[in-house]
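Sequential numbering of the sequence shown, starting at 4, is according to the numbering used here. Glycine included, every Cβ here is placed at the ideal spot set by N, Cα and C. Please read these numbers as outputs of a predicted model, since none were measured by experiment. The structure under discussion appears below in the form of structure tokens.
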Amino acid sequence: PELQKLRIPSLWLLGEVDKSVPTGASVANIQLVDTLGLFDVRVVPDADHDLRDVETGERYDYWSEIFEFIGSM
């Protein structure tokens with residue numbers, strides 16, 4: 004219910020292989036409540052909950068995603 008009250012664009016970055024939060028279910032739930040089309044959901048391939056590559060441990064450059072999102076508003 005709280006997400007449905009949001010009236011501002013928001014960016015959701017989720018790791019594809021997150022073991023803390025079920026990514027597929029999260030994406031489905033976010034899309035379900037995004038009745039205004041304000042939520043930008045991006046799934047980072049091979050990334051865990053910390054947005055680190057599960058093979059290399061390298062952190063995903065999420066700042067570029069954030070700046071791109073802000074710049075598009």
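Tell me the DSSP secondary structure of Val-46 in three-state form.
Strand.
Just mark Ala-50 as buried or exposed, buried being the case when its beta carbon has 16 or more other beta carbons within 10 Å.
Flag for Ala-50 reads buried.
For Ser-23, which residues does DSSP report across the bridge?
Answer by DSSP bridge pairing: none, since Ser-23 is not bridged.
What residues in its chain sit with their C-beta under 8 Å from that of Leu-54, if we drop five residues either side in the sequence?
Excluding residues within five positions, the ones whose Cβ falls inside 8 Å are Leu-16, Gly-18, Val-47, Arg-62, Tyr-63 and Tyr-65.
For Leu-14, collect the residues of the same chain with a Cβ closer than 6 Å to its Cβ; drop the 5 residues on either side in sequence, then sort them by chain order.
For Leu-14, where only same-chain residues beyond five positions count, the Cβ hits under 6 Å are Asp-43 and Phe-72.
CB Leu-9 to CB Leu-41, shorter than 8 Å?
Cβ atoms of Leu-9 and Leu-41: closer than 8 Å.
Measure the alpha-carbon distance for Thr-38 versus Gln-7 and round it to whole angstroms.
When rounded, the distance between both Cα atoms is 8 Å.
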